[in-house]
Each structure stands twice: as C-alpha cells, then as structure tokens.
Amino acid sequence: MNFKHKFVFLFPGLFVLIGILIFPIIFTIRLSLSGWNSYTPEMNFIGITNYIRLFTDDPRFWESFFRLSFLSVTTVILQYVIGFALAMMVWREIKFKRFFRVIFLVPMMTTPVIMTVIWRTFFHESLGPVNDLLGGLGVKPILWLSDPVIAKFTVIIVEVWQWTPFMFLLLLAGLLSLPKEPFLAAAIDGASPFRKFVYVTFPLMAPISIGAIIIRLIEASKIMDTVFVLTSGGPGTATETSSFYIYIKGLREFQMGYAATLSFTYLVIMIISLTIIAKVLTKLMIKE
Amino acid sequence: MKTIKTCVTALISALLVFSPVAYADKWSDQFPHIKATGDIPGDCSYESMSKKNYKGKTLKINTHAVPVMGEPTALHAEQFAKLTGAKVDVTHTPAGDLYAKAMVPFQAGQAPYDIVFGFSNFINDWRRYLEPVPKKYVEMKQMKDVTPSHIGVASWDGVMYQFPVDGDRHYLKYRKDVIDNPEYQKQYKEATGKELRVPQTWKEYGEMAAYFNNWDWDGDGEKEYGSAEVMKKDDLMYAAFYSRSAAYSKNPKTPGGFFFDLETMKPLINNPGFVEALTDWVEATKYVPPGGINFGLGDEIGSFGGGQTLFSFSWDDAFVAAMQPDSPINNKVGAAQLPGAMKVWNRKTNSWDEGFNQAPFFVWGWAVGVAKKSKEKEMAFDYLCFFANEANHQADIGIGRFGVNPFRNDDFKVDVWTQIGWDKDIAQSYVDTLAQMEQSKNRVFPLRVPGTFEFNAALATAAAKALAGQLSPQAALDEAAKQWEDILNRVGKDNVRKAYAVGVAMEDNKQ
Amino acid sequence: MNLIGEKISYKPDEQFHLNDVSFNFKKGNLYTILGRTLSGKTTLLKTIAGLLNPDQGSISFEEKDFIKIPVWERNVAMVYQQFINYPHLNVYENITFPLEQRKLSPEQIKKDVDDALKTVGLVGFENRKIQELSGGQQQRVALARSLAKKAKILLLDEPLVNLDYKLREQLREEFKRIFSEGLSQDTILIYSTTDPQEVMELNGEVIVLDEGKVLQKGPAKEIFENPSNLKVAEISNDPPMNVLKGSKNPKNLNFENISLEIPNHFKNLEDKDYNFGIRASEIKLDKNGEEFEIELAEISGSETLLHLKRGNSKIIALIEEVMNFKIHEKVKINFNVNKFYAFGEDEKLVSSPYGGTNG
Amino acid sequence: MSKLYTFLKYFFITFWTVFVVAPFLWAVSTSFKDFQSVNSKVTYIPWLDFEPTLEGWRVLIKSPAKGGVDIVEPYFNSIFVTCTASLISIVLGTLAAYALSRFTFKAGFVRNNDITFFFISQRIMPPIVLSIPFFIFLSTIGLLDSLLGLVVVYIVLLMPIAVWIMVDFFNRVPKELDETALIDGCNPYQAFYKVVLPNSIPGLIVAGMFCIIFGWIDFFFAFILTFTEVQLLPVKVVALNSSITPWWSLSASALVSVAPLIIVAFIVERYLSKGNLSGALK
C-alpha cells in the first residue's frame, strides 16, 4: 500500500519528536565545541579542544565506559537468563500462576531512584538487614557498598531486581504467542524437556530474545539512578558509569561544554555499538 | 488545594492585622516555635514583620531537604506568610544538587527562585548572580552580633553576598561516658600504656578508635566501633579530608596558602603533610563500622548519633542529634577541637617542624542569597532577616535536625544550651570549643575559587581511590595534584589566584 | 465498458512482480488467473483493486482511468486466501460494514445482507463472533461480504487454498452455483488459483501467469489442451506434465533408449530433438512396457503417484488405484503415445494431440 | 529427574518471590520506625523488635513547616503528567507506528527501519545528555516549571516506547485487514479508526501501560525542569534524602509511590494471561 495519506500518519509523531529534539541536539553539539563552565558561562568557540581532551587526557571517562559495558552486559545477561527461567516456569499451568506473574512484574513498576534508597538501607553494612541476617548465620559482614568489587555486584543485584521483570514480561509474552504445532511434534517424537527447549523453544524465541536484549541493553546503558543513590560511583570510582560521569562533569562540576562533548561522543559510540550488537546477536541466535 | 491553603493563610493574616487585642507577648502564643523566649525586639522581629504588607506577592525559595535547613526554611516561610500576607513557595532539594538546581537557571539567565540556599563555598560561582546584602541589613543589630569569621565566610572582597543564617565548622565529638570512664581509662592504660583522654592528636584518635572498635563497650548487646566519618566520595568527603589534613599542613610559619602556594600557584595537596593525613585516613578504614567507607554525612550522623561509635568529627549535626532529649546517648557526649599533630610540614624548609600543631577548619556551611534577577528582593531580604532574627535563631539552634548552628557571639553562652536540657559541663565544653576556634590564629578556610567543585571532586576521587585501596596515598594525591594543575590551566591561574588570595588573607589574619 | 489493463509492470525491488501484463476483461464473465505461488497473481489482483499502483502501464474501467481512482472509490470486492474478516464485529456486522460505508438505506442493507447470507448458507449465524467460526465459515462470511456489496469487480485470491481438502471440494461446487446465480451480468469476476483442476471446473477465461509475465490467455479448455509452452504445460497440470528430452526420426520417437511409434499427430513433424510432454495420467502400468525405477510412491485418496526414474529422466505416473510399491523397485510402464506433446528446444509447443501449435 | 526438576522449580520461584518482596517488607517495617529504631541496631518486627510509630506516614501529609513533605499535590501532578504524556505519546506513536508498519517510506538511504530506529534511539540518550538543552529549550518557550513543559519532555521519553510496541503489534495484525477495509469503501483514516484501532486495543493497553511505567519512574527531568510551581512525586521523595535521612518517611513515601503502579501490574498480567499480549510484543 502506498498512499500520500501515509505522511499524515507518520508526520505528526515524527515532527513532534524532531521538533522537541532538534534544538537540544544542535545545542549539545554546539555546546561541545565551547568552553562553557561555571566561571565562563559563554557559548564561545574553542574548536575541538574538548574532544582532544577526551581522547588524549581523560582515562576516567573510558574507564567508566568499560565499567558501563561490564555492568550493562552482565545485568542484561542475568536478566535474560533469570527472566527466561521465570517465564518458562509460569508459562504453563502452575499453582497460583497469576499471583506469581504479578509478583514477578512488580519491581519494574517502581521508581528506581526511590527503590534504590530502600536498597541502600537494605544493604547498609551495619544497619541493614542483609548483613544482620547473614551475621545470624555466622557470616562476617559483607561490604556491599564499600568494597570496590562487591559494590559492582550490589549494583548488579539491584539492577537485576528492578529490570528482570521487563525481560520476564517480554519473554513470557513471546512464549504465550508461540505456535503449538512444533511442541506437539516434539512431544510425539518423545523429546526430553531439555531437548525440547534447545531444539524447539529456544529457536522459536530467538527473534523475541534479540528484541528484548537490545531494548534492555539500551535501557541498561543509561544506568544512573541506581549508581547515583546507591554508591555515588564509589568506593573510589569503582561503580562510576558513563552517564554518572557525565552527570558529575555537567551538573556537579558544571563543565557544561566538556559534558556536552562526553554526551555526544557517548551517544555516537552507543548507537554504533548497539547496531553492531544487534547484527551480531541476529547472526548468532538465528540460524537459517 | 493550594488555593484553599492560600485563602486560609490570607484570612488568618487578615485577622491578625486587624486584631485589636494586644497582649504582652501575643507572638509566642500564635507562634509556639518561640515560646521559650517570646518575640525579641529588633529590626526583623515578629512585631516588625507584622507591619509589612506583602499581600499578593509570591516569594520562591529553594532550600535543602527536610529537616536539615529545609524544615526551618519552611517553618519561617509559613510564619513569614502569616505575618506579611505574602505567599511563600518552598522547594526542597538534596544537598548534592543544590548547586546545580540554582546554577542551571542562573546560567540560562533565569531566576525561578528569589532565594537560593547552598553552601558558603558556592560564593565565587554564585556571586555574580546574587544581589549583595543591602547596607540596611548589614548594619542591623542582629548582624553586628555575627562573629567576624562568619562575616568573612559570607563575603567576597568585603562585599556580603550571603545572608548569614548558620555557622559551621568541623570539630571533634566523643563519647564522654567512655573517655571519662575510670574503668576504661585503667583498662586502656594497661593495654596500651597510654592515657585515655580526649585525643590531642590524630594519632591518639586512631589508637583509641582502634582499641574501642568492634566490641560491645556500652553493654547494649550490639557491637560498637571506633569512628564514624564521611568517606563516601562526593558526599562532602573532601571536607573531612581537609579537616584531617589541617593539623599536618597548616603551618603558621608558612603563610600564603594551604591548598596552593599563592606565589607559584603550585598545588600543595600532595606534600608530605597531606600524604600523612591520607595515610592516617586509610588506617581509619579499619576502625569505622562495616560500610563506614561509604558513609555520607547522614550515615555519620546516624551512626554516631545512634550511639554506634566512639568518635566522629564534622559538622555540629551529629553532636546536636546526640544531645536530643530522646537520644540514647543524650548527655553522654563531649565536644572538642579537632585533634592536632606532633609535627607539621614546612614547605619552605621542605621538612617537618616538630611540635604540637592544631588548626581548626572553618568548613563551608549553609549559605543563602537573593537572586539578582529576583523581582522581590526587598521581600526576600526581609524574609532572610526574619529567618535569622534573635527569637527564631535561639529557638532553631536548639533543634538538632534543623542544622542551624551557632554563628553569633550570643550563642557562645552556656545558659543558651543548659536551657534546652544540656548538662552544664557538656554545654561548657561545646561553647569553649566553638569559642576557641573563633579565637584561633591558625585557621583554615574552605577553598572558594573558580572551579571549586572541580578541585574538590578531583581530590575526593583520588582520596576515595586511596581509601578503597586502589592507589597508595602518595600516588592518589599525586594524581589529584596533577588534575589540579590541569584544572588550573583550564580555569586560568590568575583567576584562581585572585580568588584564592581573598581566603588566604583571612587565614593569614590580615582581615 | 470493459476492464482493460495495458502493459502493467510493477517492480518494487530487484524482481518484477508484474511484467508487461495486459488484459481485457468483459462484464459478466469469469476470469481465472492460474499461476504458481509468487507468480504475481495476488499482485495483479491488488493492482486491480487499487491497493498497489503499478510503476508502468494503465488500467481503465468503464472508460475511466482506474489508476486515478483510490481503492475506496473503485467499487471492487476482494476475498483473500487468509480468512480476512473484521474480528471486532459479528457476522452480520461484518457483512453490513461495506454497505454502511456506502450509506445505503437500512432496508436495502437488510435485504442485501439476508440475500448474501442465504447465498453462502450462513443464515442463523448472524450474531456469531468471527473467532467462533470454522475456517470454511469464515471464508463464507468474507464471500458474503463481497457478494452483498454487489461490486462491479469481484476479486477472489486463492479463496480455497487454506481450507482442507473436503471443504475445498464442497465450497468449489458451491462457488460454481453462486457464480452462476448470485452474480449480476454487470460483474467481472476474477479468480486466482494455483490449482489447474479448479481452473477446469470453473471453466472461464484463463490467464497463465509466471514470474509476473502472462504466458498464455484463453479458454480453460484451450489452455489445457494446447499449452503454448512447457511452462504452461507444467503449471496447468497437477501433477505437472512430464517432460522427456528426446528426438524424432523417420521411424520412431526416441528417449532414454526407449523407442515409441510415431503417433498420427506427429507425422508431419520435422525430424530433430524435442521436449516431449506426457501427462501423468497417460502413463499406465504394463508388464510389456518399459522399465523404470521407483523413487517414491505417494498414495493420495484413491490414486497412487509414482515418481519414476530412468537415466536422466524423472517422471510421475498417476495410477488410479491404491497399490503398494517398494522404493527402488523396478516397474514396467506404457506411454499413451497418442497423447504426446512435442515442444521445441525453445520450449514452445510444436504439436499437441488436440491439434494446436504455437504460431 | 522430573521430581528434582519440580523441586528446583518451586525452590527458584520461592527464592525469587522472597527476593522481590524483601525490600518492600523492609520498607514497610522501616516506615514504622523512628530515628532510634533505625540507628541503634537492626530491627524487623514492630512491637517485638521496636516500638512502632506512625510518624513516617504522618510526615507524608504534613506541611514542610512541620517537618513534613506533603506529597499530595506532587502525587496528582505526577499522575497528570504521566497520563497526559502517555496519552499524547500513544496517539502520535500509534499513528506513526501504523505508518511505519503499513507503508513504505523512502528518502535517500532512509527506509522504514531507519525511521523506526530513529524513534527507538531516543531511548539511548541518558537523561543527563538532554537535561540542560531541555532546560534552555523550555525556558525559551516559557514552559519551565510547568506541567505542560514536563508533558512535552515526557513525550520524547515515551513516544519511542509507544512506537516500538505498536510497530511490532501492527506488524502482527494482517495488513489484509486494512486492505479489506479500504476495498470495502473506507478511506485510509476510516480504515484506521474503524477497523485497525478496534482490533488493536490489547496493543494499545500494553503500550499505554509501558508509557505510564516509564513516565512514572522518571526522576531526572522532573528534577531539573521544575522549581516551585510544579513538583513531581519522585523528586519530592528523593528530596527527603537529607543529611539526616528520615528512613521511615522515605520508606512510607516509596511505598505510596509504588502503590498505583501495582494496578498497572495487574492490568498487564490480565492481558498477558489472556494471551492477547502476544501480538503486542515481539
């Protein structure tokens, strides 16, 4: 179908989005070429000085970027595995199916920044319940937030808690939409549950999985609220992610020009790498 | 909802204005907040304010989260609205974002707030957007009572930009019931061969904290720990570091800068004095409560105020929290100046000067200013003046969660504190501590230069790495110093020097 | 007053979906479009409906440029191979939908819908939901909707393909009845299918389409008897016509070391290499016949399909009884040589048992 | 084997349920505590472990002048902004998604997929990247510190979600359905609202729920772009994070802020169990 009416459908949304975004994007690019900071709040032009600084003299940004990659990839993989497992378990008949489904969905309905405040008290090393209960079992206090390595995993735990439901929802919806025939065929062939999963369920779920993983990667790469509240990027810089680093440079230290440079670079890297990841995943998971 | 509230407020204030009855202290009846003192006559007293009419006008204020500073702001706003008929909108913002919340609109040429609360070290970045305090207010009686160091903190090159409503400094808090306990004194002497006393140096502080760490020394069935400190990066932790560094690095023999050498503008933060302090601090991670390495100010206050640790040093809050009537350690705490050191680095001779050295740190505190672009400046200053009037101030300083701390000579009187239920000797130690700090000639003032945030953040990041064991103290501070140089180059050495000179002059007692 | 298409081409990507298609459809007639899957049948129907605009060529109807008229004003009706109905409406509402769209009077609508329901045999199903119907019933609803509209052009795109065998047979019979009694003389009916048998039974004018090109046009009988080339011969037969590469010499026909007598209608053929064609049904088991090896034996209904091989040639034979064969078993068969077709090396028809030749 | 599997299955489900619920239970417990019960030692059960107080909950409706936070107005603001922005995003996003699913767009190297990616890619930007430009933008058009301004910004946040879900949904609605409508005399707009929309209700509901979720949980934009006139719930709650953090009222307000979205969880689950969601997500 091809009518001129197609533009009437597309353009309102497209132009509203572009209309709202065009200024911010141009502004960001322009800002990235300026030395705007708290003491010289001017849109002066300093060329690519900021970019040179970023690429030659800012290991902290790149460290934060790799940390972000580690955190987001790890959390998304965990969310995928757990989400898939949960979805498989409440896919078919099981007692209290609806109850469990609702329970599993609840965390994604909560505001991360608020829930993380709760998590912070939860993992509080001396006043939180986790260490207290573990202490009851004779486990020494674990430094959930203050050990550089463990803190990363605490962030992961909170992220997994918050967003596994999202993965669970997408995958369960996918499972429920699968055609029944392949499963009947597998049942007739007497395939074991494991083989059924490997040869029927998983391949059928591949396209849905890729969509879910990409969307989650997009969202996970923004990981910010959790770090913001839970650890402030600490201890040291152990949990500092790109967006948090941009936040520090921009709104804490007020190096607006440089923050814009970081933002723009980050955006370009993210778009490129997500496109590549999408392509690679498609190749890996969908066998023709 | 909002309109109803406004109507009611307007109605009440109308009733007030036209009320023919006048009795002895009508104000404390209507405003129970000041019932201890009643209205105290002055330029901004309840009486004076009730004569103003700001009906139909709106005052917008951004302040800190409730309760610290946020609650008094809102409380006085409500009172102010009642008295003058104005409408006062108050928003509350977490501490870390107060700067950005005001700075973003400032830089965009906006003034969504007439009054912005922040910290005194924002002054250099904020001052070009703030209205200097008018002469009328500077010369008021209530302002004359403010101590010179707090006038200095609120001013820039002799011009007052911030209206003093709070005074801040770091000092030592300790558990009196432990330090003064003869049993423990004996026990400690046997174990270490040293006296158990209010620690005079950071080394003593560390030894005692380590000894009283990780066992139940107050018999409540829970373990207690040595010290609660602000170690969480970016949560004001750099201030804690400067407090620990002052004794080792602020040498009265070498004026001309604590953070930088004013002549060369070379960062001093990686000299042996600072390294020694950071080494102590890394050692301190062994005697803080579990998770103490990630404590923010709130955790510190909660931890010490809740009776979990022996020591703590930072703002007044933890002390006042501990002294609240419902606190388990009410009247069991003592205050003292920050510990000193038995040696201090001399950067002229490039060697340690032996001998006792002590240097109080006049850390930044709450500060508040009126936006230049505000359309209601007169009302805004009247509000601030009312906020800090004698009656309000006296009532506020006694309420721990308010975070309003002494900054007037009148506050350094013992009976102000005994009135609200403090033991006399504790009140005495508190008042003495504050007064000694005011009198000290070897003080350190916070860094107030262009790029303050960047400098402090770079230092905090480096220090946090050292605390987390990612870097050695020397390497961490070298990294910070290198970043300071970069920032200096970006901001311009001369810009920083000019601004820093203002603070150094205060430190060197030239003002 | 006809529906005339001229040189229609449609090429949305690398490949032609329609390639230089021309037609002239007259009112009151039934046209069938025969072609394999993806041969362009649906594209052609959608182009006529107005859902696709051709890149080249023109369509006119009642002397008007049809391409300029948007689909919703063309007054066509279409039934898809998927059972497309409006899931949010019940059966009755589904059928009234196009009529209400045309703002007919309620009485008229009621009458038309009742007629249509009667025609397709769904009286009593008015208030059913679409999801509650079987596939065949859903397709009847779709057909009823198309009929009730009384559209001037009625397009049916493989309407039976998604039904099971029995239903297909049954509906096909009904279609014949519906088309003869339910349609006015004003209507052009265009029916696309992959099934040669359907084409024969509907017995209309046929267009054979392959890769977007028209291969042959003509009455069904003509297409069946005289396929203009090998492709048509394959498409218009199920199973496809067998092709045997061979040659004619003055004495006999030769292929795969088999020699057959020359049938009468080949007498005048030049002696050279040919592609011989023979329908599966014209091959019989015969103990005195030629030996072939069985590759596969399929039983369908009361018939058996034998896939046979000899040398480089593979053929299919249709045996009209159910028999069990072993794979790789050798069988002997006999060709009904009087039903042989001869196609040239250019694949064009040279001689047919029904007397037709190409050019 | 299967017994072990069943055991593991129920073990895992139980474990996860406990994990999901634990912070809420902790928050409920904490919301009844006071400074002492929080700071002296770890306590769990009211009356048994500590003396419960309703202070944390009372704070929510008290005025700040009395140490409260008064979340009533922010609560309604949040509901208004979230719902309005979701509605607009759904309307615009659904139209655009329909166009992208049904029609072919070509402009230079740009194809339908690229346009879809453009929509979805808006989600890649961390809020921090956009917050300052949005501030300048809204102040230029005079919408700073207004509900409308937030709605404008939230559209950018939510429309990609609507487009993403609805494109997938429409791709699963056979396009022959709208073609039939066109053939039956509907123009494209009529075909859309008379036929496509009534059959897209599950997709619309799911997209709507997602928009509401992602609108409701935003903190950053609400934080940067509002001052005194308008405050949203998350900002108000986080503003409790003072240097003396009142864990109790924080917990109470967190629970209150989570509550309305539990309804969303039920709606999503309902459509999920009906199997209707299948079309909505790929």
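Protein chains in written order, with this note's numbering: chain A, 1 to 288; chain B, 289 to 799; chain C, 800 to 1158; chain D, 1159 to 1440.
Positions of the beta carbon are idealized from the N, C-alpha and C atoms, including for glycine.
Source: prediction; values computed, not measured.
On a Cα-Cα basis, can you pick out the residue from the options that is closest to residue i?
i: A1223 (chain D); options: B:I328, B:P360 and B:D549; result: B:P360
i: C1241 (chain D); options: D:A1339, D:M1317, D:L1413 and D:V1321; result: D:M1317
i: L1105 (chain C); options: C:K1086, C:Q937 and C:V1130; result: C:V1130
i: D385 (chain B); options: A:M108, A:L251 and A:V81; result: A:L251
i: V381 (chain B); options: B:G344, B:F405, B:N797 and B:H458; result: One point to set straight first is that residue 381 (chain B) is Thr, not Val, in the sequence displayed. T381 (chain B) has its Cα closest to that of B:F405, out of B:G344, B:F405, B:N797 and B:H458.
i: S533 (chain B); options: B:A647, B:S639 and B:D402; result: B:A647
i: E1119 (chain C); options: C:E1144, C:L1084 and C:E1128; result: C:L1084
i: N50 (chain A); options: A:L21, A:P24, A:A259 and A:M285; result: A:A259
i: K781 (chain B); options: B:G791, B:P738 and B:L759; result: B:P738
i: T110 (chain A); options: D:P1392, D:F1295, D:L1398 and D:R1428; result: D:P1392
i: L1218 (chain D); options: D:F1328, D:K1394 and D:F1368; result: D:K1394
Mapping DSSP to helix, strand and coil, what is residue i?
i: E1089 (chain C); result: strand
i: H1106 (chain C); result: strand
i: W705 (chain B); result: helix
i: L954 (chain C); result: strand
i: E1021 (chain C); result: helix
i: G257 (chain A); result: helix
i: K283 (chain A); result: helix
i: F319 (chain B); result: coil
i: M801 (chain B); result: With chain B represented from 289 up to 799, any question about residue 801 (chain B) goes unanswered, as that position is not in the structure.
i: V651 (chain B); result: coil
i: P616 (chain B); result: coil
Give me the DSSP bridge partner(s) of residue i.
i: F583 (chain B); result: DSSP lists no partner for F583 (chain B).
i: V1042 (chain C); result: C:G1076
i: K196 (chain A); result: Per DSSP, none; premise fails for K196 (chain A).
i: V1013 (chain C); result: C:L1008
i: R120 (chain A); result: R120 (chain A) pairs with nothing; no bridge assigned.
i: H352 (chain B); result: B:T381
Name the chain D residues whose beta carbon is nearer than 8 Å to that of residue i?
i: Q398 (chain B); result: S1297 and L1302
Can you tell me where the alpha helix (DSSP H) holding residue i begins and where it ends?
i: E666 (chain B); result: K665 to F675
i: E1033 (chain C); result: L1029 to I1034
i: K917 (chain C); result: P905 to V919
i: T846 (chain C); result: K840 to A848
Tell me the residue span of the beta strand (DSSP E) that contains residue i.
i: T379 (chain B); result: K375 to T381
i: Y1140 (chain C); result: Y1140 to F1142
i: G688 (chain B); result: Per DSSP, G688 (chain B) belongs to no beta strand (DSSP E) and is neither H nor E.
i: W1322 (chain D); result: W1322 (chain D) -> not in any beta strand (DSSP E); alpha helix (DSSP H) instead, spanning L1305 to R1330.
i: Q430 (chain B); result: Premise fails: Q430 (chain B) lies in the alpha helix (DSSP H), K429 to K432, not in any beta strand (DSSP E).
I want to verify the contact list: residues of chain D whose CB lies under 9 Å from the CB of residue i, in sequence order.
i: K894 (chain C); result: According to the sequence displayed, residue 894 (chain C) carries Ile and not Lys. In chain order: nothing, as chain D lies at least about 10 Å away.
i: K348 (chain B); result: F1385, T1386 and E1387
Under 9 Å Cβ-Cβ, which residues of chain A neighbour residue i?
i: V779 (chain B); result: N37, Y39 and T40
Can you name the residues of chain B whose CB is closer than 9 Å to the CB of residue i?
i: K1181 (chain D); result: For the record, residue 1181 (chain D) in the displayed sequence is Pro; it is not Lys. Ordered by position in chain B, no residue passes the 9 Å Cβ test against P1181 (chain D), which lies about 17 Å from the chain.
i: N131 (chain A); result: P578 and G579
i: A1185 (chain D); result: Those do not exist, as A1185 (chain D) stays about 17 Å from chain B at its closest Cβ, beyond 9 Å.
Kindly list, in the order they appear in chain C, the residues whose Cβ is closer than 7 Å to that of residue i.
i: I1341 (chain D); result: A848, V870, V875, A876 and M877
For residue i, which residues in chain B fall below 7 Å Cβ to Cβ?
i: V1227 (chain D); result: V354
i: L143 (chain A); result: P578 and G579
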